[in-house]
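*Asks:*
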Amino acid sequence: MIKSYSEDDIHRSIKYSVWSSTPNGNKKLDDAYRNADAESRVNGKRCPIFLFFSVNASGQFVGMAEMVGPVDFRKNMDFWQQDRWNGFFPVTWHIIKDIPNRHFQNIILENNDNKVVTFSRDTQEIRLRQGLNMLNIMKAYPLKTSILDDFEYYENRERTLCKVRSCELALLQSEVGYNKKGTSLNILDASFKKLDVCARPKETSFSQKSSFALCTRNHPFNFSHLGNR
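Numbering (UniProt numbering), first residue to last: 1 to 229.
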């Protein structure tokens, strides 16, 4: 689970389809992506890494995105709220909606001292069963509010920040249109069908190559639950 320090950074992530973590977090994410990619090449099945997003002290999740490429450690984005994040990696947002933490109170992580998933720390692994439960909750929860409702507010804040920092965003997409639904669940459902997740009664196991990547043995399926960014 990724816990951002500000909604401003969630806005940037949705707008530009990128994310950045701490140096240690980026390294772990990069290792996980490359390991998953290598495993998918061997098995012939996609091994996506999903990231559950929350803002510190917000008491809610704001959505779920997929890591779709390795970390580029050579380039930095100067639009983050705090000028401290080095490198970035591409993401695709699948779910954008506000979901209160209370809806996840029954999800316990045995590999984290039996703590509720909402108390997960940095790069905490979420195992397949719990990860699927989280995803199902997010998909089923009705859209009431989301960061998209306040997108213009964060656009104005970004413009102000960029004037101060003289941002150069020429290489980034300047306009991204989002439907108020703020989701790509049809795409996500189509991906599930392609992955054929749990369609066959085969044993599942977790990849131990990273602390948060996991795959089914024959149908790779990764969940990442990253902690404080």
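Cβ atoms here follow ideal geometry from the backbone N, Cα and C, with glycine treated the same way.
#1: In three-state DSSP terms, what is D8?
#2: For a test of the three-state rule: what should DSSP assign to I14, helix, strand or coil?
#3: Per DSSP, what kind of secondary structure is R160 in: helix, strand or coil?
#4: Can you name, in chain order, every residue of its own chain whose Cβ lies under 6 Å from the Cβ of H103, other than the five neighbours on each side?
#5: Going by C-alpha distance, which of S54, F53, R34, V55 is nearest R46?
#6: How close, in whole Å, do the beta carbons of Q130 and N112 come, if the pair is a contact with beta carbons under 8 Å?
#7: Tell me whether F119 is buried or exposed, calling it buried when 16 or more other Cβ atoms sit within 10 Å of its Cβ.
#8: Using three-state DSSP, classify K27 as helix, strand or coil.
#9: Can you check DSSP and say which residues form a bridge with S90?
#10: Output needed for G63: all residues of its chain with C-beta closer than 7 Å, excluding positions within five of it in sequence on either side, in chain order.
#11: If we call anything under 9 Å between Cβ atoms a contact, is V117 one with S17?
#12: Spell out the partners DSSP gives P100 in its beta bridges.
#13: What are the start and end residues of the beta strand (DSSP E) that includes L51?
#14: Going straight from the alpha carbon of A65 to that of L51, what length do you get?
#15: With a 10 Å radius around its C-beta and 16 neighbouring C-beta atoms as the bar for buried, classify D30 as buried or exposed.
#16: Quick one: give me the first and last residue of the alpha helix (DSSP H) that residue 230 is part of.
#17: So, helix, strand or coil for E125, using DSSP?
#18: Please name the residue, chosen from I99, E39, L132, E158, that lies closest to I108 on a Cα-to-Cα basis.
#19: For D83, count neighbouring Cβ atoms within 10 angstroms of its own Cβ and tell me buried if that reaches 16, exposed if not.
#20: Could you name the residues of the same chain whose beta carbon sits closer than 6 Å to that of R165, not counting the 5 residues immediately before and after it, in chain order?
*Replies:* Working from what's here:
#1: Along the sequence shown, read from residue 1 onward, the residue named residue 8 stands at position 8. Helix at D8.
#2: Sequence index remark: in the sequence shown, residue 14 carries index 14 (1-based). Looking at I14 - three-state DSSP - the assignment turns out to be helix.
#3: Here residue 160 refers to the residue found at position 160 of the sequence shown. What sits at residue 160 in the sequence shown is Thr, not Arg. Reduced to three states, the DSSP call for T160 is helix.
#4: The residue labelled residue 103 in the question sits at position 103 within the sequence shown. Counting only Cβ-Cβ distances below 6 Å, and skipping sequence neighbours, we find I137.
#5: In the sequence shown, residue 46 corresponds to position 46, counting from 1. Checking every option, the nearest Cα to that of R46 belongs to R34.
#6: Here residue 130 is taken as the residue at index 130 of the sequence shown, counted from 1. Here residue 112 is taken as the residue at index 112 of the sequence shown, counted from 1. Between N112 and Q130 the Cβ distance is about 10 Å, and since that is not below 8 Å, they are no contact.
#7: Along the sequence shown, one-based indexing puts residue 119 at 119. Its Cβ having fewer than 16 others within 10 Å, F119 is exposed.
#8: Counting from 1 along the sequence shown, the entry for residue 27 is found at position 27. If DSSP states are grouped into helix, strand and coil, K27 belongs with the helices.
#9: As a first step, residue 90 is located in the sequence shown; it is residue number 90 there, counting from the start. Reading the sequence as shown, one finds Pro at residue 90 and not Ser. DSSP lists V18 as partners of P90.
#10: Here residue 63 refers to the residue found at position 63 when the sequence shown is read from its first residue. These residues qualify, in order along the chain: F53, W93, I95, I96, K97.
#11: Position 117 of the sequence shown, counting from 1, holds the residue named residue 117. Position 17 of the sequence shown, counting from 1, holds the residue named residue 17. No; because the gap between Cβ atoms is not below 9 Å, this pair is not in contact.
#12: Locating residue 100 in the sequence shown gives position 100, where the first residue counts as 1. P100 is bridged to Q60.
#13: Numbered from 1 along the sequence shown, position 51 holds the residue referred to as residue 51. Residues 49-55.
#14: Reading the sequence shown from its first residue, position 65 is the one you call residue 65. Reading the sequence shown from its first residue, position 51 is the one you call residue 51. Going by the C-alpha atoms only, they are around 5 Å apart.
#15: As a position in the sequence shown, residue 30 is number 30, starting the count at 1. So D30 counts as buried.
#16: The structure shown does not extend to residue 230, since the chain is modelled only from 1 through 229, so no value can be given for it.
#17: Start at 1 with the first residue of the sequence shown, and residue 125 comes out as number 125. Coil at E125, not helix or strand.
#18: Here residue 108 is taken as the residue at index 108 of the sequence shown, counted from 1. Minimum Cα distance to I108 is reached at L132.
#19: Here residue 83 is taken as the residue at index 83 of the sequence shown, counted from 1. D83 comes out exposed.
#20: As a working note, residue 165 is residue 165 in the sequence shown. These residues qualify, in order along the chain: D78.
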